[in-house]
Amino acid sequence: MELQEHIDDIRSRLESGQFTNETAVSLGIVGRLLTALRWPTYDPQIVSPEYRIDKGRADYALCHPAEQPRALIEVKRVGNIDGAEKQLFEYAFHKGIPILILTDGQKWRFFHPSGSGDYTERLVHEFDIVEDDKAEIASRLNRYLSYASVQTGEAMTTIAEDYQKVFRNREIVRRLPEAWDNLVSGTSENSAFLIKAVKSETQRLCAHEPTNEQIFSFLGEIIIDDSPPPPVSRQEKYESYFQEIFYELQEQHNFPNKPPPFKENNAWYFPSGYGHRISYHLHFGRGKKVYTGLSIYFNSNNREKDSILFDLLKERESQINANFDGNLRWDRRDGRRGCSIGVARDGDIESDASELEAIKAWHIENLLKFKEVFTPEIKRALETLQSR
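Going left to right, the sequence shown walks through residues 5 to 392 as the numbering used here numbers them.
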């Protein structure tokens, strides 16, 4: 049976009300589709039901390689999907999972957890098995959830790219009114193009050219909203700032290639290439300080080993520090959830545009320096650790 045939049959059973509880949804819909997507549902190290995360459990963890979760699925009773995102995102935070799926069997929501904003803003795609086109549903399932796409990493890349499209579209919609107001008020350097177009069209119609004042007066009367634009929140400023850095790193330095950065309010974590627990961070901190550095987050089951990794790096502190303008801050953070190595400077997200440009240049310069210096150092330390 092809995937679309499974979808057709599930649709009919949903319409007749056959899935009366969460277990029925989990087995009769989710498990069935995972099998159709070529997941080895017989192997609990690959498809792990009731996957334990700290004090909670996710209904399914989809792993590659074995016991390394790449997607979590939270299953709810039909019609009971709303409001379940918080629990799912808490699971992802503890494990650094790149794909989250929430479903009641009929509605399916795919999230990019390292996106920014609230849960709804990290939603990449949603479909309804009963209402939506089965070919489109099958296409999305294959892109985001097939075993092959997760094995190759294509699923994680695709959902991150689709999130960026959603984010860009949301930002465009949010900024369009402001852009138009700037054009018609004459405060934008691009206003001249609008004035020229209106003058030309008016002259074509009546053989007379209007003045700039006439044009702005007319546009202001019919278009400009006198109400002040909504204030930009601090979180929106963080998001805009880090997105600019992300685009510049991708376009000019091909970094990060994949996976995408993990976002946490006023900090972004970029992949080191040595697993999600070791990353490079850009961070706005307390006391109007900004940071760049390396983060090592502990595995709760192997804290001692992760602390030793930090110690192995610190053994070469003098050689590493020699690559930077000043000494790095080495913070083992005993008793906390991770270690940190970094540099800091004064700065705040509320700074003016010119100062933010200087902070951004500093962030990018030091992030690339950390990547250059620490990539071989991490490799050496991990090899030493594995040989013990």
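Using N, Cα and C, we set each Cβ at its ideal position, and we do this for glycine too.
Distance check for residue j and residue i, CA to CA, integer angstroms please.
| i | j | result |
| --- | --- | --- |
| Gln8 | Ala142 | 6 Å |
| Lys193 | Ala201 | In the sequence on display, residue 193 carries Glu and not Lys. Cα-Cα distance, rounded: 15 Å. |
| Asp132 | Thr45 | 24 Å |
| Thr124 | Thr215 | 46 Å |
| Ser299 | Lys375 | 12 Å |
| Gly291 | Asp350 | 8 Å |
| Ser20 | Asp86 | 22 Å |
| Ala385 | Pro264 | 24 Å |
| Val377 | Asn25 | 54 Å |
| Ser30 | Thr296 | 43 Å |
| Leu38 | Glu381 | 40 Å |
| Glu452 | Arg392 | Shown here, the chain extends from 5 to 392; a query on residue 452 therefore has no answer. |
| Ser304 | Asp137 | In this predicted model, Ser304 has a pLDDT of only 47, less than 50, meaning its place in the structure is not dependable; the value taken from the coordinates is given anyway. Approximately 43 Å, taken between the alpha carbons. |
| Gln323 | Phe171 | 41 Å |
| Gln72 | Trp272 | 23 Å |
| Arg178 | Gly100 | 29 Å |
| Ser283 | Ala152 | 26 Å |
| Glu243 | Ser120 | 7 Å |
Where does residue i fall in DSSP's three states?
| i | result |
| --- | --- |
| Trp184 | helix |
| Pro380 | helix |
| Phe288 | strand |
| Glu213 | coil |
| Ser456 | Since the displayed the chain opens at 5 and closes at 392, residue 456 lies outside it and no answer follows. |
| Phe93 | helix |
| Ile324 | helix |
| Ser335 | The sequence as given places Asp at residue 335; Ser does not occur at that position. In the structure shown, Asp335 sits in a strand (DSSP, three-state: E or B). |
| Lys80 | coil |
| Ala75 | strand |
| Phe274 | strand |
| Thr24 | coil |
| Glu268 | strand |
| Arg41 | Looking at the sequence provided, one finds Leu at residue 41 rather than Arg. Leu41 falls in the coil class under three-state DSSP. |
| Ile103 | strand |
| Asp315 | helix |
| Phe259 | coil |
Under 8 Å by Cβ, that's how I've got residue i and residue j pegged, so tell me the actual separation to the nearest angstrom.
| i | j | result |
| --- | --- | --- |
| Met160 | Arg74 | 7 Å |
| Ile345 | Glu252 | The pair is not a contact, with the Cβ atoms about 23 Å apart (cut-off 8 Å). |
| Tyr245 | Ile353 | 6 Å |
| Val468 | Val82 | Beyond the ends of the chain as shown, which are 5 and 392, falls residue 468; an answer cannot be given. |
What residues match up with residue i in a beta bridge as DSSP calls it?
| i | result |
| --- | --- |
| Pro53 | Tyr64 |
| Leu298 | Tyr284 and Ile345 |
| His10 | According to DSSP, His10 bridges with nothing at all. |
| Glu130 | Arg113 |
| Lys293 | Gly289 and Asp350 |
Between the stretch 329 to 341 and the stretch 198 to 217, do three or more beta carbon pairs fall short of 8 Å? no
Would you be able to state if there are at least three C-beta pairs under 8 Å between the stretch 307 to 325 and the stretch 285 to 294? no
Hey, is the stretch 352 to 363 in contact with the stretch 315 to 324, meaning 3+ C-beta pairs nearer than 8 Å? no
Would you call the stretch 160 to 170 and the stretch 123 to 135 in contact, with 3 or more CB pairs under 8 Å? yes
So, do the stretch 54 to 73 and the stretch 233 to 240 have three or more beta carbon pairs nearer to each other than 8 Å? no
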